[in-house]
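Peer 1: Take this structure, written in structure tokens, and hold onto it; I'll ask about it next.
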Amino acid sequence: MKLYYSPGACSLADHIALIEANLSFEAVQVDLKAKTTADGANYRTINPKGYVPALGLDDGAVLTENIAILSYIADRAGGLAPGGALGCYRLLETLAYISTELHKSFKPFFSPGAKEEEKGKAREVLGKRFALFEDTLASQDQLFPEGFTVADCYLFTMLFWAKNKAEVAVPPRLSAYYERLSGRESIRKALADEGIV
Ligand SMILES: N[C@@H](CCC(=O)N[C@@H](CS)C(=O)NCC(=O)O)C(=O)O
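So the sequence shown is numbered by my numbering: it starts at 48 and just counts up by one.
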């Protein structure tokens with residue numbers, strides 16, 4: 048498998064999940080401005096959407112979108128999803144919340160022309176949306192009682208942005224969760240492999 052990524056982008060979630068899943072893969076860096084890969088390919092021929100992540104499967108198929116890629120990794124790994132009759136729907140519910148309510152709200156911080164006012168509003172919205180996880184994390188160390196899942200990989204990446212790219216005020220239990228996850232081996236390895244110290 049090949050994971051197409053850019054250092055510190057949302058593809059960090061998939062990078063962590065692949066390491067956590069112990070799946071064999073090659074991480075291929077993408078130049079998002081030039082739309083080329085480190086091995087010289089035109090990235091749009093791999094993912095016409097032009098953004099990361101993309102996961103190239105061994106049979107030549109290419110999966111895109113964090114929700115789909117993280118769900119695929121969870122299915123392949125076995126241990127990275129919640130169990131029970133509603134488990135896979137709860138996972139999708141959480142991944143969708145992170146993708147559409149958190150991830151997309153960071154847009155002004157990645158838009159060169161964004162005004163301070165717009166960033167301020169985004170910080171307010173993000174603060175409220177992050178707060179939703181405070182109750183969950185009051186009684187457990189991860190998003191689901193069964194253990195660490197691909198949703199934690201995605202939430203960690205959003206917290207990484209909140210702390211390092213957007214100066215969003217992160218509520219206390221989430222901050223403690225972020226600090227704990229920062230010491231996790233898969234996360235340390237993914238950050239190091241992407242050249243982020
Ligand atoms: N809907 C996509 C969004 C992916 C996305 O926002 N990728 C960003 C990095 S975090 C990107 O590659 N941006 C560069 C571009 O769009 O040219 C997903 O969830 O996978």
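For every residue, glycine included, the Cβ atom is placed at its ideal position computed from N, Cα and C.
Residues in its own chain within less than 6 angstroms of glutamate 181 by CB, not counting five upstream and five downstream?
Peer 2: Pro218, Arg220
Peer 1: Does DSSP put proline 81 in a helix, a strand or coil?
Peer 2: Proline is not the amino acid found at residue 81; the sequence shown has alanine there. Three-state DSSP puts alanine 81 in coil, outside helix and strand.
Peer 1: Please classify serine 152 as buried or exposed, where buried requires at least 16 neighbouring CB atoms within 10 angstroms.
Peer 2: buried
Peer 1: May I ask which residues mark the beginning and end of the beta strand (DSSP E) holding lysine 212?
Peer 2: Unbroken run through lysine 212: none, as it is neither H nor E.
Peer 1: Under 8 angstroms by Cβ, that's how I've got aspartate 240 and alanine 74 pegged, so tell me the actual separation to the nearest angstrom.
Peer 2: 6 angstroms
Peer 1: Could you tell me whether the Cβ atoms of methionine 48 and leucine 70 are closer together than 8 angstroms?
Peer 2: yes
Peer 1: I'd like to confirm the pairing. Which residues does DSSP put opposite asparagine 89 in its beta bridges?
Peer 2: Thr83
Peer 1: Could you pull out every unbroken alpha helix (DSSP H) segment of at least 4 residues lying fully inside the region 106–168, listed in chain order?
Peer 2: 113–124, 134–144
Peer 1: Are the CB atoms of asparagine 94 and threonine 83 within a distance shorter than 8 angstroms?
Peer 2: no
Peer 1: Out of Ser229, Glu193, Arg91, point me to the one whose CA is closest to tryptophan 208's CA.
Peer 2: Ser229
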